[in-house]
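Working notes, structure below.
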Amino acid sequence: NPALPLRALILGIVLGHGADLPIVLFDEGLTDEELILFGTSPIPPMPLYILAGTGVALETIGLMAILLRTSSIQRLCGPLLTTGRQSLTLYIAHSLVGMSVLEALGLIQGGDGNDALIASAIMVLGGVAFANLWARRPSRGPLAQLMRRLTCPAHRRTPRISTSTPSLATPPEGEFANG
């Protein structure tokens, strides 16, 4: 449905930004408990926080779906698509390598916002560069490749049986057919 992204965008704006209305309208007369109950603070995550987060997510998805209809934006997002196909590898690398480096440099405890921004930019750009370099190889991401080898042993890869009618012994077409 072509109107769906626009609907998601509008609903996201209403939910995401409308969740703060109780606080904006009644801030003066609310008790501390009511401020917590009607607030959008992440701790504790109350219903309006979840509603606001859902709204912002819908807003983002709707906006991106509208923007991705243009070919120039699609070309710009090409490297990000390649990066998204290696999310397992990049998530583990970020957790183990990136956070270890930040910890060794002393930037996790006590760094300021600029340090966090620089570290984030380096991790993102490094991840995009790695994923696009790795994508030149005709394979999956490194950890996806390892997981496939661990979970799909050679004895499961049966050769094709050529019969005129399909049978239950014929392996399915697709991802596991070529080993």
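The opening position of the sequence shown corresponds to residue 6 in our numbering, with each subsequent residue numbered one higher.
Built from N, CA and C at the ideal position, the CB exists for glycine as well.
Identity of the residue in Ile48, Leu56, Gly131 nearest glycine 17 by Cα: Closest option to glycine 17, Cα to Cα, is Leu56.
How about threonine 112 and aspartate 120: do their beta carbons lie closer than 8 angstroms? Position check: residue 112 holds leucine in this sequence, whereas threonine was assumed. A contact, by the Cβ cut-off of 8 angstroms.
Answer yes or no: do isoleucine 71 and leucine 14 have a C-beta to C-beta separation smaller than 8 angstroms? Less than 8 angstroms divides the Cβ of isoleucine 71 from the Cβ of leucine 14.
Histidine 22 - containing alpha helix (DSSP H), residue span: 9–23
Should phenylalanine 31 be labelled buried (16 or more other beta-carbon atoms within 10 Å of its own) or exposed? When all chains shown are included, phenylalanine 31 counts as exposed.
Just how far apart, CA to CA, sit alanine 8 and proline 84? 27 angstroms
Thinking C-beta only, is methionine 51 closer than 8 angstroms to isoleucine 66? Contact flag unset, no.
How big is the Cα-Cα spacing for serine 100 and glutamate 64? Straight-line spacing of the CA atoms in serine 100 and glutamate 64 works out to 28 angstroms.
Buried or exposed for threonine 156, going by 16 or more other Cβ atoms inside 10 Å? exposed
Whose CA, out of Leu11, Thr36, Gly103, lies closest to the CA of glycine 132? Out of Leu11, Thr36, Gly103, Gly103 has the C-alpha closest to the C-alpha of glycine 132.
With DSSP as the reference, label alanine 140 as helix, strand or coil. coil
Classify serine 167 as buried or exposed, calling it buried when 16 or more other Cβ atoms lie within 10 Å of its own Cβ. Because serine 167 carries a pLDDT of 48, less than 50, the predicted location of this residue cannot be relied on, and no value is offered for it.
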